[in-house]
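Residue numbering for the sequence shown follows my numbering, beginning at 129 and increasing consecutively.
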Amino acid sequence: MPISFRKHEEFFTFHDPMHDGKLIDRKTEMRFDPLTGETSRIIFDPGAPFVPKDFAPLAKETEGPKCPFCPENVSKITPRFPDELVEGGRFIGKEAVVFPNLFPYSKHNAVVRMSEQHFVKLEEFTESIIADSFKAAHRYIEKVLEFDDQTEYVSVNWNYLPPSGGSILHPHIQVLASELPTNYQSKITSDSRAYYDKEGDNYLTSLATEERNLEERWISQEGSISWLHAYAPKSHYDFIGVFEAPSFNDLGSENYEDLAKSMLHFFLYFKEQGVESFNAILHIPVKKHAAEQVHFRLIPRMTIGMLETSDMNVFTFLQGEPLSLKAPETVAKEVRKFFIEGK
Ligand SMILES: [Zn+2]
Numbered sequence: 129m130p131i132s133f134r135k136h137e138e139f140f141t142f143h144d145p146m147h148d149g150k151l152i153d154r155k156t157e158m159r160f161d162p163l164t165g166e167t168s169r170i171i172f173d174p175g176a177p178f179v180p181k182d183f184a185p186l187a188k189e190t191e192g193p194k195c196p197f198c199p200e201n202v203s204k205i206t207p208r209f210p211d212e213l214v215e216g217g218r219f220i221g222k223e224a225v226v227f228p229n230l231f232p233y234s235k236h237n238a239v240v241r242m243s244e245q246h247f248v249k250l251e252e253f254t255e256s257i258i259a260d261s262f263k264a265a266h267r268y269i270e271k272v273l274e275f276d277d278q279t280e281y282v283s284v285n286w287n288y289l290p291p292s293g294g295s296i297l298h299p300h301i302q303v304l305a306s307e308l309p310t311n312y313q314s315k316i317t318s319d320s321r322a323y324y325d326k327e328g329d330n331y332l333t334s335l336a337t338e339e340r341n342l343e344e345r346w347i348s349q350e351g352s353i354s355w356l357h358a359y360a361p362k363s364h365y366d367f368i369g370v371f372e373a374p375s376f377n378d379l380g381s382e383n384y385e386d387l388a389k390s391m392l393h394f395f396l397y398f399k400e401q402g403v404e405s406f407n408a409i410l411h412i413p414v415k416k417h418a419a420e421q422v423h424f425r426l427i428p429r430m431t432i433g434m435l436e437t438s439d440m441n442v443f444t445f446l447q448g449e450p451l452s453l454k455a456p457e458t459v460a461k462e463v464r465k466f467f468i469e470g471k
């Protein structure tokens with residue numbers, strides 16, 4: 129059975145002072161995620177542009193001796209892994225340094241300091257910084273899986289800049305590995321398996337094929353990764369990268385290089401759109417299963433207006449209902465040109 133893209137439209141009728149008190153119908157569109165059935169709302173966009181904050185003054189205030197990840201501190205004051213996990217206590221890449229999170233969220237939780245430079249603007253990221261950091265994360269995961277055979281769930285997580293929840297400006301990603309899933313890992317795993325049992329297909333690879341054919345939310349193929357926009361987005365944009373690799377052991381250097389190239393394309397789009405901050409996850413199934421696939425998910429984060437209002441509110445947190453001002457089909461079309469031009 130083809131993947132079902134279901135939506136429901138509601139219209140709210142009122143006299144609009146912006147249109148001389150004329151009676152208007154304003155639309156809210158509820159979209160159902162084709163896998164989970166969870167709803168997202170596409171709400172009316174008043175058209176105010178996203179305005180990025182300038183983090184350069186904060187970067188000046190927090191760099192060097194005040195930053196645990198800057199070169200003068202990273203090898204002195206960050207925690208170390210036990211020697212049986214890694215000789216010397218830290219994994220070292222080109223610029224990446226991997227060490228334990230002092231305040232862990234999980235049984236295994238590494239931080240990957242990505243660059244020597246304290247503040248890396250979106251346009252300053254290079255393929256090498258991103259790919260090297262994810263490869264360093266991979267080496268850590270490899271060791272964890274060797275060391276702890278109870279590990280069932282693994283992810284790499286990125287909060288970029290404070291609007292996204294990042295508490296240190298210096299670029300870093302976090303690797304989580306545990307016996308238990310997060311809500312996202314639990315839902316994607318159980319629903320993908322249920323889909324496989326019912327349809328005999330892998331949901332994410334079927335979705336990528338379907339979106340490529342429909343050309344509505346399809347973005348581009350970057351090497352081993354198929355990029356598309358989520359039908360029911362988790363925020364104003366929601367980019368999904370479906371890897372050819374089904375599980376951790378199928379991932380190699382080229383996958384991380386493809387990811388890094390893709391990120392640079394998205395960053396150009398973010399710059400154009402006035403977006404400075406984002407959240408991203410790389411979901412990695414530990415064991416190969418025909419229903420599951422390695423995939424990436426990227427959403428923008430921002431504060432709004434002069435009050436620096438959070439983009440997370442009662443709807444997103446307590447009602448669990450993501451809101452988007454942008455239509456996924458329009459965004460996919462806009463971002464596609466950065467993949468084509470970026471080649
Ligand atoms: Zn720093």
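The C-beta atom is built at its ideal place from N, Cα and C for all residues, glycine as well.
Please read these numbers as outputs of a predicted model, since none were measured by experiment.
- In the DSSP assignment, I205 falls outside any beta strand (DSSP E) and lies within the alpha helix (DSSP H) extending over 199-205.
- Relative to ligand 1, even the nearest heavy atom lies 6 angstroms or more away from the CB of H423.
- Fewer than three beta-carbon pairs drawn from the region 311-319 and the region 348-357 are found closer than 8 angstroms, and the two stretches are therefore not classed as touching.
- A residue is called buried when at least 16 other Cβ atoms come within 10 angstroms of its Cβ; F467 meets this threshold and is buried.
- Taking non-hydrogen atoms of ligand 1 into account, the C-beta of E191 is found less than 6 angstroms away from one of them.
- By the C-beta criterion, the region 361-378 is judged to be in contact with the region 409-422, since at least 3 inter-stretch pairs fall below 8 angstroms.
- Per DSSP, Y288 is not a residue of any alpha helix (DSSP H); the beta strand (DSSP E) it occupies stretches across 281-288.
- Short of 7 angstroms from the beta carbon of T206, and not among the five residues preceding or following it, lie these beta carbons of its own chain, in chain order: P196, F227.
- Look at which beta carbons fall closer than 5 angstroms to any heavy atom of ligand 1; those residues are C195, F197, C198, H246, H298.
- DSSP links E344 through a beta bridge to no other residue.
- Fewer than three pairs of CB atoms, one per stretch, sit closer than 8 angstroms, so the region 334-354 makes no contact with the region 435-452.
- Under the three-state reduction of DSSP, E327 is assigned to helix.
- Exclusion of the five residues before and after R218 leaves S203, T206, R208, F209, V225, V226, F227 as the residues of its chain whose Cβ lies within less than 8 angstroms of its Cβ.
- Note on S132: under 16 other CB atoms within 10 angstroms of its CB, so exposed under the neighbour-count rule.
- Going by DSSP, R218 is part of no beta strand (DSSP E) at all; its letter is neither H nor E.
- I171 is not a Cβ neighbour of V240, given a cutoff of 7 angstroms.
- The C-alpha of W346 is placed about 10 angstroms away from the C-alpha of Y359.
- Taking the Cα positions, G192 is about 12 angstroms away from L297.
- Linking F247 to H147 through their CA atoms gives a straight-line distance of about 45 angstroms.
- Within 10 angstroms of the beta-carbon of S320 lie 16 or more other beta-carbons, which makes it buried.
- Secondary structure note for T141: it is in no alpha helix (DSSP H), and the uninterrupted beta strand (DSSP E) holding it is 134-144.
- By the Cβ neighbour-count rule, Q447 is exposed, with fewer than 16 other Cβ atoms within 10 Å of its own.
- If you compare the alpha carbons of S381, K249, V179, H364 with that of I432, the shortest gap goes to V179.
- A direct Cα-Cα distance of roughly 44 angstroms separates A322 from L435.
- Between R425 and S292, the C-beta spacing is not below 7 angstroms.
- In this model, N237 and E200 are separated by some 23 angstroms (Cα to Cα).
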